[in-house]
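Working notes for the structure below.
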Amino acid sequence: MLPDLDRTDIRLLKLLQEDASLSNLELAEKVGLSATPCARRIKRLENEGIVTGRVALLDQKKLGLSLTAHLGVTMDRHTPDRFDQFETTVAGFPEIIECSVVTGQSADYLLKAVVRDMEHYERFLLGKLTRISGVTGVHSSFELRRVIHRTALPLHD
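So that you can map any letter, position 79 of the sequence shown is 79 in full-length UniProt numbering, and since no number is skipped, the others follow by simple counting.
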């Protein structure tokens with residue numbers, strides 16, 4: 001079910017996705033509200049779980065994290081216990097920035113990992129990922145160049 005959002009809610013969400021550091025007063029001005037009703041709307045969007053958090057986006061290359069790997073991981077068994085164990089384990093790996101269960105491929109999971117270099121990746125792969133019980137295969141692909149990188153969801157008003 002779609003949430004009941006009006007045009008002002010959509011504009012607020014778009015603005016927050018573009019720049020979460022905007023103050024309530026700046027947001028209110030941009031959507032044509034006074035500060036208090038704007039703050040109430042944002043609070044409602046947070047309470048409804050539409051806005052789940054606010055973060056700073058970092059430049060991974062400036063931080064020395066120059067290699068991004070996309071990994072297809074195959075499991076030996078498709079049981080809830082096996083999947084729970086895998087998911088709990090990879091959630092503790094700071095290198096993994098995305099993890100999804102997928103269908104339509106030979107892999108059970110698609111992961112996105114960010115590391116310093118190939119040496120770091122090898123240590124991560126052999127020292128952590130392939131040691132998880134139930135992992136039977138890992139297929140790695142490496143980003144040569146990121147063409148599109150968005151964090152904003154497509155919102156239509």
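All C-beta atoms, glycine included, are put in the ideal place defined by N, C-alpha and C.
Distance between beta carbons of residue j and residue i, contact taken as under 8 angstroms
i	j	result
LEU71	LEU111	4 angstroms
ARG116	LEU65	6 angstroms
VAL31	ARG54	The pair is not a contact, with the Cβ atoms about 17 angstroms apart (cut-off 8 angstroms).
Per-residue DSSP class, three states only, for residue i
i	result
VAL114	strand
THR52	coil
GLU143	coil
VAL90	helix
HIS70	strand
MET1	Any reading at MET1 must be qualified, since the residue scores a pLDDT of 49, below 50, and its modelled position is unreliable; no value is offered.
ILE42	helix
ILE148	coil
GLY127	helix
Residue i and residue j closer than 9 angstroms at C-beta
i	j	result
ALA35	ALA28	yes
ILE97	VAL73	no
LEU58	PHE93	no
TYR121	ALA69	yes
LEU45	LEU15	no
**OP:** Say whether the region 80-88 touches the region 132-146, bearing in mind that this needs 3 or more beta-carbon pairs closer than 8 angstroms, one atom from each stretch.
**Re:** yes
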